[in-house]
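All letters in the sequence shown, in the order written, are residues 1 to 334 by full-length UniProt numbering. Think of the CB as a built atom: it goes at the ideal place given N, C-alpha and C, for glycine as much as any other residue.
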Amino acid sequence: MTTGPVSSPDPAPETPKPTFAPESASSFRQYVGLGEELVWIPPQTTVVGSDQHYPEEAPARAITTAGFWMQRNQVTNAEFAEFVAATGHLTVAERPLNPEDYPGAPPENLQPGSMVFHRTPGPVDLRHLQQWWAWTPGACWNHPRGPRSGLRGRENHPVVHIAFEDAAAYAAWAGLDLPTETEWEVAARGGRPGAVYTWGDEPERPGQRLANYWHGEFPYLPETGYGQAAPVGSFAPNDYGLFDMAGNVWEWTTDWYTGDRDSHSCCAADSYDPNQPQFKVPRKVIKGGSFLCADSYCLRYRPAARRPQMIDTGMSHIGFRCLRRDDTDPATLA
């Protein structure tokens with residue numbers, strides 16, 4: 001596996017960088033009637049995908065997108081709490097499982113809960129992820145490590161334990177949408193066609209702090225300041241001014257997952273994970289990687305990286321952000 005630049009069958013033109021004029025941003029917030037801080041992603045032709053990393057990222061290719069507006073940060077606990085207070089929404093992790101959907105499952109495994117990451121005591125066989133993931137009854141967005149945990153001091157952390165329908169419900173309430181995989185990747189690249197990382201082609205150098213991915217020995221000994229989600233905006237933004245497009249928490253997209261990017265999955269019945277054919281739950285694409293992505297295990301804190309995620313399953317490293325499909329250029333609003 002190489003970390004060199006992504007090759008492209010068709011070179012893409014230089015993508016224009018956005019102008020972050022305060023008056024433009026203010027005009028747009030007034031125009032759409034929203035308080036969210038949204039960043040303009042200009043229309044462009046750029047390269048998405050990768051032929052140099054994991055096979056599900058191929059093929060690299062040039063695509064053209066319209067302009068849109070993307071939330072600067074991942075949705076936070078405080079923002080999600082406002083949504084829950086306004087709507088009474090009960091997340092998937094807070095609902096008991098239907099025994100008919102899980103025949104033979106012991107009753108204790110049908111309680112409301114979610115998957116929580118736990119560090120291991122020492123080195124482990126990285127082929128067996130159940131050594132660091134545990135189904136935790138009572139874990140949910142406002143009890144991220146279980147029923148005795150809470151959100152005090154974590155108000156500005158990204159909300160986690162969010163299933164796809166929870167993210168979609170928030171987006172609808174906010175008058176926004178969830179991104180497609182292509183929209184998300186275009187925004188993450190920040191106007192750098194084909195670049196390996198959000199910041200360019202070179203890996204992070206020792207002493208740099210470019211993204212919240214796993215630094216240290218995975219999954220038991222992170223370096224100081226790593227090994228868990230960080231408050232949004234703790235690391236430098238990409239060239240579009242978007243924070244945490246690499247690492248921190250994975251983010252939902254609306255695309256149904258298939259094993260390569262040439263296959264276009266139309267619907268839930270058509271989505272699958274080729275590595276887990278025994279599980280028939282539909283899967284969406286998640287993007288961006290998380291604080292658990294270690295170079296030795298999961299080199300997926302890159303724009304092209306993608307993973308399948310069961311739509312009914314939140315975890316302690318999955319969140320989301322929203323966008324607005326409005327191609328009103330900010331230059332016209334100043």
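Span of the alpha helix (DSSP H), counted from its first residue to its last, around residue i
| i | result |
| --- | --- |
| Glu251 | Segment Trp250 to Trp256 is the beta strand (DSSP E) holding Glu251; no alpha helix (DSSP H) there. |
| Phe80 | Asn77 to Thr87 |
Short CB-CB distance (under 8 Å) between residue i and chain D
| i | result |
| --- | --- |
| Val84 | The structure shown contains no chain D; it holds only a single protein chain. |
Host beta strand (DSSP E) of residue i (start-end)
| i | result |
| --- | --- |
| Val116 | Gly113 to Phe117 |
| Ala187 | Note, Ala187: premise wrong, no beta strand (DSSP E); alpha helix (DSSP H) at Glu181 to Arg189. |
| Leu178 | Premise fails: Leu178 is in no beta strand (DSSP E) and is neither H nor E. |
| Val285 | Arg283 to Lys287 |
| Arg61 | Arg61 to Thr65 |
| Val92 | From DSSP, Val92 is part of no beta strand (DSSP E); its letter is neither H nor E. |
| Val48 | Gln44 to Val48 |
7 Å Cβ shell around residue i - same chain, five flanking residues per side excluded
| i | result |
| --- | --- |
| Thr182 | Val48, Ile63 and Thr65 |
| Thr2 | Model confidence at Thr2 stands at a pLDDT of 35, short of 50, so the residue's coordinates are unreliable and nothing is read from them. |
| Pro237 | Phe243 |
| Phe117 | Trp132, Trp133, Leu292, Ser316 and His317 |
| Asp312 | Val92, Ala163 and Val281 |
| Tyr220 | Arg119, Thr120, Pro121, Gly122 and Pro123 |
Residue i versus residue j - alpha carbon distance
| i | j | result |
| --- | --- | --- |
| Trp250 | Ala331 | 32 Å |
| Asn142 | Asp244 | 21 Å |
| Ser234 | Glu100 | 43 Å |
| Leu292 | Gly153 | 21 Å |
| Tyr170 | Leu323 | 12 Å |
| Gln130 | Pro137 | 16 Å |
| Ala172 | Pro123 | 43 Å |
| Gly200 | Glu56 | 21 Å |
| Ala230 | Tyr102 | 34 Å |
| Leu210 | Asn98 | 42 Å |
| Asp239 | Arg72 | 12 Å |
| Arg325 | Asp177 | 8 Å |
| Gly150 | Pro144 | 7 Å |
| Pro274 | Gly259 | 6 Å |
| Pro106 | His89 | 27 Å |
| Ala60 | Thr180 | 17 Å |
| Glu94 | Glu82 | 17 Å |
| Ser50 | Glu108 | 42 Å |
| Asp295 | Gly194 | 20 Å |
| Gly314 | Arg321 | 15 Å |
| Thr224 | Cys266 | 43 Å |
| Asp270 | Pro206 | 43 Å |
Beta bridge counterpart(s) of residue i as assigned by DSSP
| i | result |
| --- | --- |
| residue 336 | Outside the displayed span of the chain (1 to 334) sits residue 336, for which this structure offers no information. |
| Pro222 | Gly216 |
| Cys140 | His143 |
| Trp173 | Trp173 pairs with nothing; no bridge assigned. |
| Met310 | Arg283 |
| Met315 | Met115 |
| Met70 | Val39 and Leu323 |
| Pro134 | It is worth fixing the name first, because residue 134 is Ala in this sequence and not Pro. Partner(s): Val116. |
| Gly200 | Tyr197 |
| Gly247 | Asn212 |
Whole-angstrom C-beta distance between residue j and residue i, which should lie under 8 Å
| i | j | result |
| --- | --- | --- |
| Glu185 | Pro303 | 5 Å |
| Gly319 | Ala188 | Actually they do not touch by this definition, with Cβ atoms about 14 Å apart. |
| Pro96 | Pro121 | Not really, about 32 Å apart at Cβ, beyond 8 Å. |
| Asn77 | Val159 | 5 Å |
| Lys284 | Tyr301 | The Cβ separation is near 19 Å, so there is no contact. |
| Cys140 | His161 | 5 Å |
Cutoff 6 Å; reference residue i; Cβ partners in own chain excluding five residues on either side
| i | result |
| --- | --- |
| Leu126 | Tyr297 |
Proximal residues to residue i (C-beta, below 8 Å), its chain only, five neighbours per side dropped
| i | result |
| --- | --- |
| Tyr226 | Asn212, Tyr213, Trp214, His215, Gly216 and Phe291 |
| Phe279 | Asp273 and Met310 |
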